[in-house]
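Peer 1:
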Amino acid sequence: MQNWIGIGIWIVMGAVIGLAMKVFIKRPEETPGHTPILMVLGSFAAVIGGMLGVGIFQLYEPLAISPGGMGAAAAFSVLMTFVYRWGIRGMI
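Note that this note's numbering has the sequence shown beginning at 1454, numbered continuously upward.
#1: By the DSSP assignment, the alpha helix (DSSP H) with A1528 in it spans what residues?
#2: So, for G1459: in the same chain, excluding its five sequence neighbours on each side, which residues have a beta-carbon less than 6 Å away from its beta-carbon?
#3: What does the Cβ neighbour count give for T1484, buried or exposed, with the cut at 16 atoms within 10 Å?
#4: Between which two residues does the alpha helix (DSSP H) holding L1491 run?
#5: Measuring only the C-alpha atoms, how far is Q1511 from G1522?
#6: Is the beta carbon of F1470 less than 8 Å from the beta carbon of S1530?
#7: With DSSP collapsed to three states, give me the class of L1472.
#8: On a Cα-Cα basis, can you pick out the residue from E1482, K1475, P1481, I1509 that is closest to L1494?
Structure below.
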């Protein structure tokens, strides 16, 4: 049960990070509709990053709420949403 709660926290944390990237990286020429994409991308990246973090940093007791899992989830979510916000510049 504790791992499912941790994965839920990763999903919510990724969505919040996606919204934060929308606020921090302004795109004045942006078309509407990127908010749901950022939230889904941030959540997906947080789950993948959290799994990688648990696998790399928590070998003997793999829990989703561990510091390695949470830190990697946040870092990968920030990285992926930043790349999306920065890289979308040429497509708009």
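Note that beta-carbon positions come from the ideal geometry of N, C-alpha and C, so glycine has one too.
Peer 2: In terms of the structure at hand:
#1: Residues 1520-1540.
#2: Answer for G1459: A1517, I1518, listed in chain order.
#3: exposed
#4: 1487-1510
#5: 8 Å
#6: Inspection of the sequence shows that residue 1470 is occupied by Ile rather than by Phe. A contact, by the Cβ cut-off of 8 Å.
#7: helix
#8: K1475
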